[in-house]
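K.L.:
First, the structure itself, so that you have it in front of you.
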Amino acid sequence: MRWFKKDPLQIIGFRSYGTDTHFYARGRALEDESIDLEDQHIWHLIVNTWKRFETDEIKGVGLDLKLPDNSIIKVTTDDSGYFIAQENIKGLKALANDEGWLSFELSYNDASIKRTIQNRNRFPSEILIPSPKADFGVASDIDDTILHTGVVSVLKWRVIYNSIFRHAKHRIPLEGSAEFYHKLHRGASGKNANPIFYVSHSPWNLYRYLELFLRQNNFPKGPILLRSLGNLLRKKPQDEKPQKQKEILNLLKTYPNLPFILIGDSGEHDPDIYMEIAEEFPDRILAIYLRSVKHKKKMIRVKGLIENYKTTQVLMVEDSKEAIAHAKAHGFIA
């Protein structure tokens, strides 16, 4: 019967990052639930949201990652269908384009699979190897930094509403943010190719939704770094760092000669995370930009935090014009 027909298989590659000698890629093997990113009917938005979180992962299966020089990296998915591929390989930069993007192909390599596999078992993905022209990197939050989500609303009801009932194409970025990010990407010379990394507390289930939003609204292309739903739900030990903080620390360690600008909002934990990172790497954080949110108590708390903070520049901004003016005055952008 059609009801019991199994969905075909797919692999979703998450845009990641690496160096000339270190390949680092992530993704997930899943059944293809036929999520239509173009459909904007309210019922389909609800169904699509359900499909994003009610995933049928393909666990314990072997995958091949084929690089442009035809070399193969082999990985096995974990119990949630995720994979991480890390290999020390020389000369990766030569395989990337002028902006630093290295494209590769994902495929299932298990001959025992008797399921239909989409795309003739060929799934594209890519990692970013920052250009030698880069003067700095940018690590930016997404929620309420470039995309209004309502994380400070009562019981997070705006987050729930926006995630379920609003299509990515209809989500409006905060004014001027795409222009600001392009200026940062181009840097002081206008030709720098500074890497932009999008780091969010959102789960990987929303990866394609956020990727569409960024592309639709003309943000610079960059790795999107999220977290697994399992980590989101489990109780963390008190001394464990937030996933966003771990990701940014890993960026700083991966690129030891690259300073960073951190961008977030004043609504949740960004100020605390970013200032703690700056304390650990005082010479590496050029500036911290925090977009103001409409929440009086949170704003008072953040202003108290940064009032006498001297380690690095922390600027609370009402809009992108303020951030652009500051970045221009300090030589970050043209």
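Residues 1 to 334 in the numbering used here are what the sequence shown lists, from first letter to last.
Heads up, the beta-carbon is just placed ideally off N, CA and C, and yes, glycines get one too.
Check whether the Cβ of Met316 lies closer than 8 Å to any Cβ atom in chain B.
P.N.:
The chain labelled as chain B is not found in the depicted structure, where only one protein chain is given.
K.L.:
I'd like the list of long-range same chain contacts for Gln10, defined as Cβ closer than 8 Å, with 5 residues on each side in sequence excluded.
P.N.:
Cβ within range, chain order: Ala29, Leu30, Glu31, Asp32, Ile117, Gln118, Asn119, Phe123.
K.L.:
Count Cβ pairs between the stretch 61-73 and the stretch 95-109 that sit closer than 8 Å; are there 3 or more?
P.N.:
The stretch 61-73 vs the stretch 95-109: in contact.
K.L.:
If contacts are defined as beta-carbon pairs under 8 Å, then Leu128 and Pro223 qualify, I think. What distance do you get, rounded to the angstrom?
P.N.:
The pair is a contact, with the Cβ atoms about 6 Å apart (cut-off 8 Å).
K.L.:
Could you tell me which residues DSSP puts in a beta bridge with Pro68?
P.N.:
Bridge partners of Pro68: none, in fact.
K.L.:
Out of Val302, Pro203, Tyr198, which has the shortest C-alpha to C-alpha gap to Ser16?
P.N.:
Among Val302, Pro203, Tyr198, the Cα nearest to that of Ser16 is on Tyr198.
K.L.:
Whole angstroms are fine: how far does the CA of Ala85 sit from the CA of Tyr24?
P.N.:
Approximately 6 Å between the Cα atoms of the pair.
K.L.:
Could you give the residue range of the alpha helix (DSSP H) that holds Asp270?
P.N.:
Per DSSP, Asp270 belongs to the alpha helix (DSSP H) from 270-280.
K.L.:
Distance check for Asp110 and Ser177, CA to CA, integer angstroms please.
P.N.:
Between Ser177 and Asp110, the C-alpha separation is close to 44 Å.
K.L.:
Let me know the secondary structure DSSP gives Tyr209 once reduced to three states.
P.N.:
DSSP places Tyr209 in helix when its eight states are reduced to three.
K.L.:
Less than 8 Å between the beta carbons of Gln245 and His201, yes or no?
P.N.:
In this structure, His201 does not lie closer than 8 Å to Gln245 by Cβ.
K.L.:
To the nearest angstrom, how far is the alpha carbon of Thr21 from that of Lys133?
P.N.:
Distance between the alpha carbons of Thr21 and Lys133 is about 18 Å.
K.L.:
Are the CB atoms of Lys183 and Ile333 within a distance shorter than 8 Å?
P.N.:
Yes, the pair counts as a contact, with Cβ atoms nearer than the cut-off.
K.L.:
Can the beta-carbon of Asn194 be found less than 8 Å from the beta-carbon of Gly137?
P.N.:
Taking 8 Å as the Cβ cut-off, Asn194 and Gly137 qualify as a contacting pair.
K.L.:
Where DSSP assigns a beta bridge to Met140, which residues make up the other side?
P.N.:
Correcting the residue identity first, residue 140 is Ser in this sequence and not Met. Per DSSP, Tyr198, Ile263.
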